[in-house]
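Numbered per this note's numbering, the sequence shown spans residues 3 to 401.
Even for Gly, the Cβ is constructed at its ideal location relative to N, Cα and C.
Given the structure is predicted, the values throughout are model-derived calculations rather than measurements.
Written out below as structure tokens is the structure these notes cover.
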Amino acid sequence: LITDVRLRRVLDSRGNPTVEADVVTESGGFGRAAAPSGASTGEYEAVERPPTEAIAAAREHAVPRLVGTVYAGNQREVDAALHAADGTTDFSEIGANSAVAISMAAAKAGADVLGAPLFQHLGGTFRGENFPIPLGNVVGGGEHAADATDIQEFLAAPVGAPSVEDAVFANAAVHAAVADLLSERGVPCGKGDEGAWAPSIDDSEAFEIVAEAVSMVQDEVGFNIGFGLDVAGAELYDAESETYEYSDRSRDTDEQIAYIADLVEEYDLVYVEDPLDEDDYDAFADLTAEVGDQTLICGDDLFVTNTNRLVDGIDRNAANSILIKPNQIGTLSDAFDAIELATENGYDSVVSHRSGETEDATIAHLAVATDAPFIKTGAVGGERTAKLNELIRIADDAT
Ligand code: PGA
Ligand code: ZN
């Protein structure tokens, strides 16, 4: 039985305040988790409130419903109590940041009571044996860095890696190779919010460099490495002019579809996230019809980890993959439901970090627990390696 829930403000990787929760149980179980935070957030995400307000509201409404009433190990009940305490459909009362921190902390406390690792508690004894392939952000711009690429993320995808460990190190090697290639070209640069290089180059040069870096590392390691994109199309889209606004030109929706389809062909892209605006299911469906058999078309801002939006997407054949961010929907149970619905309908799940992160590694366990085929959690940087190293540890423990 949960006996205490403590909430506090801690720092995230951007230096902004975020919500951290501690959950304590009667039998001495303890769990701690913190909420991440997005910069290129989807319009339909659950609502993140300023941490001080989210904490005050959760103390008033959620904590009394949990303490002395709910077992930490009963995740469905914990998350139902959070929904009941909030009373809205988008966590705008207690804040999705308070909700997700409590939901994840309760899961860890539940695992602690059982004396089981979190992935085991969440996935159960009969979970699959698969490990997710990490997608590693190596070059980026958009809302994550000023004066860098228009496309938000260029992602290494070590699809042929024989193990999680090999995959994680391959992504770091691609990240390092990109730095070498940039320096050869005399391009100085820092890093964006997710640790990817944020050079002041145009997208076509970024494609050249990432393709070369990937092929160099592929030759070294001897397994297949592809790459992919998070276009973050909603950030490029101007609803007034109905065009996608790039630094050098604009594209209407048909041109955007053709552009992405050409990129998939030219670079053999294995993954394309949010190629189009978050309101444009039809354009997503057109692109998926065109290249969906060659690559993953993934909805992040399109689906926001929300089963209602995913149902619409499935009905319209809008994509073949979904990004899963627990804080977009507010609880682990909701994130689980989205993954389950996706799997039942042949959609691949990609469990994901946010651009603003903490040392919290819950998503590594969530990905393993649900047999998600992919995890997107950066390539380097402490708040990213927290998840990557946890994946390596889980694989080490499990084998
Ligand atoms: P965000 O970006 O966390 O800033 O929303 C990540 C993404 O778009 O995938
Ligand atoms: Zn995205």
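If you count every other CB in all the chains shown that lies within 10 Å of the CB of residue i, and 16 or more means buried, which is it?
{"i": "L312", "result": "buried"}
{"i": "E28", "result": "exposed"}
{"i": "S185", "result": "exposed"}
{"i": "F128", "result": "exposed"}
{"i": "D282", "result": "buried"}
{"i": "A291", "result": "exposed"}
{"i": "Q296", "result": "exposed"}
Verify the contact flag: residue i, CB atom, against every heavy atom of ligand 1, threshold strictly below 8 Å.
{"i": "A234", "result": "yes"}
{"i": "T151", "result": "no"}
{"i": "A41", "result": "yes"}
{"i": "D276", "result": "yes"}
{"i": "K378", "result": "yes"}
{"i": "D195", "result": "yes"}
{"i": "P164", "result": "no"}
{"i": "D221", "result": "no"}
{"i": "S354", "result": "yes"}
Between residue i and ligand 2, is the CB less than 8 Å from at least one heavy atom?
{"i": "Q330", "result": "no"}
{"i": "D350", "result": "no"}
{"i": "Q154", "result": "yes"}
{"i": "L325", "result": "yes"}
{"i": "D302", "result": "yes"}
For the alpha helix (DSSP H) that residue i lies in, which residues bound it at each end?
{"i": "E210", "result": "205-223"}
{"i": "L368", "result": "364-371"}
{"i": "N173", "result": "166-186"}
{"i": "T54", "result": "53-63"}
{"i": "I262", "result": "255-269"}
Could you tell me which of the options sits nearest to residue i, measuring between CA atoms?
{"i": "Y273", "options": "D205, E145, P375, F32", "result": "P375"}
{"i": "R78", "options": "D362, G332, K389", "result": "G332"}
{"i": "R16", "options": "I396, G40, A23", "result": "G40"}
{"i": "V233", "options": "D14, H85, V266, F225", "result": "V266"}
{"i": "G142", "options": "G97, A200, P134, T91", "result": "A200"}
{"i": "E45", "options": "A337, V65, L116, L304", "result": "L304"}
{"i": "A86", "options": "M106, I104, H63, A74", "result": "H63"}
{"i": "A80", "options": "D270, T5, Y246", "result": "For clarity, residue 80 is Val in the given sequence; the question names Ala instead. Closest option to V80, Cα to Cα, is T5."}
{"i": "A43", "options": "E145, G89, E222", "result": "Reading the sequence as shown, one finds Thr at residue 43 and not Ala. Of the listed residues, the one whose Cα sits closest to T43 is E145."}
{"i": "K110", "options": "I57, L390, L278, G33", "result": "G33"}
{"i": "A172", "options": "D336, I153, V216", "result": "V216"}
In the DSSP assignment, the beta strand (DSSP E) including residue i goes from what residue to what residue?
{"i": "I4", "result": "4-13"}
{"i": "I299", "result": "298-301"}
{"i": "F93", "result": "Premise fails: F93 is in no beta strand (DSSP E) and is neither H nor E."}
{"i": "F156", "result": "155-159"}
{"i": "F376", "result": "376-378"}
Under 8 Å: does the beta carbon of residue i sit that close to some heavy atom of ligand 3?
{"i": "L184", "result": "Within the structure as shown, ligand 3 is missing, the only ligands being ligand 1 and ligand 2."}
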